Amino acid sequence: MNPTLLIQIIYSAASIQGLFLSLLLFRTKINQPANRILAILLIIISGHLILVGFDNRDFFLAFPHLSRVSWIIGSLYWPLIFLFVQCITQTQPDKVWKSFWMFTPFLILFAIMLPYFSMSAAEKRALLTNFEVASRDDFGWINQLVSVLHILFQTFIFVYYLRFEKKLYEEFSEVESLRIQWLKQFLLLTLLATVLAVFSFFARTWHVPVLSNLYSFHFIGIVLLFYWLSYKALTQPVLFGIVREVPIAPEEVNTRPEEKYKKSSLESNELSSIFEKVKWVLHEQQLYLKNDLTLTQLSTAVGIPRHQLSQAINSCYSGNFFDLINDYRVGAFKQFAARPDKKHLSLLGIAQEAGFNSKASFYSVFKKKTGMTPSEYLESQSKAA
Numbered sequence: 001m002n003p004t005l006l007i008q009i010i011y012s013a014a015s016i017q018g019l020f021l022s023l024l025l026f027r028t029k030i031n032q033p034a035n036r037i038l039a040i041l042l043i044i045i046s047g048h049l050i051l052v053g054f055d056n057r058d059f060f061l062a063f064p065h066l067s068r069v070s071w072i073i074g075s076l077y078w079p080l081i082f083l084f085v086q087c088i089t090q091t092q093p094d095k096v097w098k099s100f101w102m103f104t105p106f107l108i109l110f111a112i113m114l115p116y117f118s119m120s121a122a123e124k125r126a127l128l129t130n131f132e133v134a135s136r137d138d139f140g141w142i143n144q145l146v147s148v149l150h151i152l153f154q155t156f157i158f159v160y161y162l163r164f165e166k167k168l169y170e171e172f173s174e175v176e177s178l179r180i181q182w183l184k185q186f187l188l189l190t191l192l193a194t195v196l197a198v199f200s201f202f203a204r205t206w207h208v209p210v211l212s213n214l215y216s217f218h219f220i221g222i223v224l225l226f227y228w229l230s231y232k233a234l235t236q237p238v239l240f241g242i243v244r245e246v247p248i249a250p251e252e253v254n255t256r257p258e259e260k261y262k263k264s265s266l267e268s269n270e271l272s273s274i275f276e277k278v279k280w281v282l283h284e285q286q287l288y289l290k291n292d293l294t295l296t297q298l299s300t301a302v303g304i305p306r307h308q309l310s311q312a313i314n315s316c317y318s319g320n321f322f323d324l325i326n327d328y329r330v331g332a333f334k335q336f337a338a339r340p341d342k343k344h345l346s347l348l349g350i351a352q353e354a355g356f357n358s359k360a361s362f363y364s365v366f367k368k369k370t371g372m373t374p375s376e377y378l379e380s381q382s383k384a385a
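No gaps in the numbering here: position 60 of the sequence shown is 60 in this note's numbering, and each next residue is one more.
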């Protein structure tokens with residue numbers, strides 16, 4: 001088979017896969033902001049794959065307005081990935097616009113390319129007729145600069161994630177922790193795919209023997225990333241909020257508290273005192289009703305350092321921070337469900353008032369804590385009355 005045709009088939013198939021996955025992400029009702037940002041990113045990459053796969057004279061003469069779009073389209077990857085990471089990790093600033101500085105390179109490149117993009121189809125065809133010269137321009141300073149920026153920004157985003165990694169695992173629930181673990185894999189694979197693409201690009205630019213032949217496959221890492229994402233969506237749909245029911249995750253295999261905190265100077269009576277204060281603050285301020293409550297927020301409310309608070313909960317309670325909070329939320333749901341003024345609400349409505357942020361997490365936690373579904377519980381209460 002003709003290598004060019006093979007590349008077109010591979011890139012087209014991956015592009016279609018990306019579009020289907022983006023449609024699926026747009027339709028999810030859980031984790032919406034992050035999923036929609038990822039969907040937009042996949043749509044853009046899918047379009048980029050088509051432009052790269054059909055990078056030949058006949059294609060661009062037929063569609064001249066698509067020529068050189070690939071020069072700047074890649075600069076949209078960084079801000080979208082950055083916003084995606086901030087949504088997943090919940091580290092975005094209070095004012096979202098503060099993160100939009102990442103779009104600056106794209107806006108500058110667009111301004112530079114605007115004179116070309118403003119040309120008529122006939123003018124573009126006149127320039128593209130000499131495809132040898134046009135192809136040489138593809139490896140000019142703009143694409144060289146963008147390639148370097150790819151590495152710099154992707155590395156920056158990965159380091160940004162690593163800054164928060166330990167804190168994220170301590171503060172997030174089981175399902176959210178799975179997303180954090182997946183996010184690290186996604187960022188690492190994206191960085192590796194970027195390095196492969198940039199390496200092959202410069203090998204072709206500098207006409208490095210043998211290695212320059214890799215350029216035809218320089219987007220193969222992105223193709224593999226697409227199929228990896230699809231595999232994850234199929235095998236772990238909870239990561240993307242695709243499934244309505246979240247399977248109960250196995251208990252975390254953690255080191256025993258006495259081993260984990262063996263270097264701590266806190267005595268058992270001090271830990272008990274801290275834990276009692278935690279329970280008092282939770283009861284008095286009803287912080288568990290906040291569906292985005294984190295360990296840091298609770299630490300601030302209690303006035304105890306976060307690491308001491310975590311130690312007290314793990315040592316004095318048979319579970320972690322989120323297990324404790326979910327116990328309170330299940331109790332709140334039971335109380336709310338028995339109140340006449342809440343009868344007009346649906347199960348999900350009551351659950352949300354109790355602090356749960358989705359139907360999926362509510363059903364999973366309630367079944368895990370009580371051994372029955374919310375409907376079964378309400379039915380048993382009705383019979384008991």
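All C-beta atoms, glycine included, are put in the ideal place defined by N, C-alpha and C. None of these values were measured; they are calculated from a predicted model.
- Shown here, I325 sits in a helix according to DSSP, grouped into three states.
- The continuous stretches of alpha helix (DSSP H) do not include T373, and DSSP gives it neither H nor E.
- With contacts defined as CB atoms closer than 8 Å, I73 and H48 qualify as a contacting pair.
- In this structure, DSSP gives P79 a helical state, which the three-state scheme calls helix.
- In the DSSP annotation of this structure, the continuous segment of the alpha helix (DSSP H) that includes E132 starts and ends at 131-137.
- Rounded to the nearest whole angstrom, the CA to CA distance from S70 to W141 is 14 Å.
- In chain order, I44, F106 place their CB closer than 7 Å to the CB of L76, counting only its own chain and leaving out the 5 sequence neighbours on each side.
- As the crow flies, the alpha-carbon of I108 is around 19 Å from that of L83.
- Cβ neighbours of I81 within its own chain (closer than 6 Å, five residues either side excluded): I157.
- With contacts defined as CB atoms closer than 8 Å, A197 and F219 qualify as a contacting pair.
- Excluding the 5 residues flanking it on each side, F275 has same chain C-beta neighbours closer than 6 Å at A312, C316, in chain order.
- Taking each of R163, F240, F362 in turn and checking the Cα distance to R179, the smallest one comes out for F240.
- At a Cβ-Cβ threshold of 8 Å, S22 and G53 do not count as neighbours.
- In this structure I325 touches Y288 by the C-beta definition: roughly 5 Å separates them, less than 8 Å.
- With respect to A351, F322 sits apart: the two C-beta atoms are not nearer than 8 Å.
- Spatial neighbours of D327 in its own chain (CB-CB distance under 7 Å, excluding positions within 5 residues in sequence) are listed in chain order as K369.
- Every unbroken stretch of the alpha helix (DSSP H) spanning 4 or more residues and falling wholly within the stretch 297-346 is given here in chain order: 306-316, 321-337.
- Taking C-alpha positions only, Y215 is separated from T205 by approximately 9 Å.
- By the CB criterion at 8 Å, W78 and M102 fall inside the cutoff.
- Taking the Cα positions, K184 is about 29 Å away from F366.
- With respect to the C-alpha of Q86, the residue from I151, L162, E267, L25 having the closest C-alpha is L162.
- In the three-state reduction of the DSSP assignment, N357 falls in the coil class.
- In the structure shown, the three-state DSSP call for L293 is coil.
- A buried status is given to A193, since no fewer than 16 other beta-carbon atoms sit within 10 Å of its beta-carbon.
- Counting along the chain, H48 sits inside the alpha helix (DSSP H) bounded by residues 32-53.
- Within a 10 Å sphere around the beta-carbon of N35 sit 16 or more other beta-carbons, which makes this residue buried.
- Distance from the CA atom of F336 to the CA atom of F199, rounded to whole angstroms, is 59 Å.
- Taking a 10 Å sphere around the C-beta of N2, we find fewer than 16 other C-beta atoms and assign the residue as exposed.
- Apart from the 5 residues on each side of it in sequence, V281 sits with its Cβ closer than 6 Å to the Cβ of A301, V302 in its chain, given in chain order.
- Each of A14, Q297, L191 was checked against the Cα of L149, and the nearest Cα belongs to L191.
- When rounded, the separation of the alpha-carbon atoms in G371 and F217 is 53 Å.
- The C-beta of L295 has 16 or more other C-beta atoms within 10 Å across all chains shown, which makes the residue buried.
- Under the 10 Å beta carbon count, P64 is surrounded by 16 or more other beta carbons and is classified as buried.
- Counting only unbroken stretches of 3 or more residues, no beta strand (DSSP E) element lies wholly within the stretch 163-231.
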